[in-house]
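Below is one structure; the comments refer to it alone.
In our numbering, the protein residues as written are 14 to 148.
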């Protein structure tokens, strides 16, 4: 006799968030990662706190996490997930602005930093034509 069990959505969401090998930002846009993380955290009935913040930061893109770790001030509160969302978003926007400025004046910037995180790689969007053409 086969027995079927109801899927525990709360447990499934909690397990998905805790899976550090599979649940990562990867090539998702940051807003997609935040939206997905928030939905899973709500479904898993997680409240603010250190564990939730650690799960979120574990999944961030490594270059973004490096930027956040190197902040001299304005660091996120490790017990408030909204603080992490805001700081991650602010830093992501600064990284994208830097990338745009780099392509506007490529001779003035190192390319090694760009290849770590630039939005063209993360979002699978080709670099601007002016950035790839040679004079």
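Here a beta-carbon is modelled for each residue, glycine too, at the ideal position from N, C-alpha and C. Only a predicted model underlies this, so the values are computations on that prediction, with no experimental measurement involved.
Three-state secondary structure assigned by DSSP to residue 46: Stepping through the chain shown from its first residue, residue 46 is reached at position 33. Three-state DSSP puts residue 46 in a helix.
Burial state of residue 16 (16 or more Cβ within 10 Å): Here residue 16 is taken as the residue at index 3 of the chain shown, counted from 1. Exposed: under 16 other Cβ atoms inside 10 Å.
What number of angstroms, rounded off, separates the C-alpha of residue 125 from the C-alpha of residue 78? Translated into the one-based positions of the chain shown, residue 125 becomes position 112. Translated into the one-based positions of the chain shown, residue 78 becomes position 65. Here residue 125 scores only 48 on pLDDT, less than 50, and its place in the model should not be relied on; the value that follows carries that caveat. Approximately 17 Å, taken between the alpha carbons.
Between the stretch 47-55 and the stretch 104-115, are three or more C-beta pairs nearer than 8 Å? no
Could you tell me whether the stretch 39-46 touches the stretch 18-25, using the rule of 3 or more Cβ pairs below 8 Å? A contact between stretches requires three or more CB pairs, one per stretch, nearer than 8 Å, and the stretch 39-46 fails this requirement with the stretch 18-25.
Going by other Cβ atoms of all chains shown within 10 Å of its Cβ, with 16 needed for buried, is residue 66 buried or exposed? Residue mapping note: residue 66 aligns to position 53 of the chain shown, counting from 1. Buried, by the Cβ-count rule.
Drop a sphere of 10 angstroms on the beta-carbon of residue 85, count the other beta-carbons inside from all chains shown, and report buried for 16 or more, exposed for fewer. Mapped onto the chain shown, residue 85 falls at position 72. Exposed is the call here.
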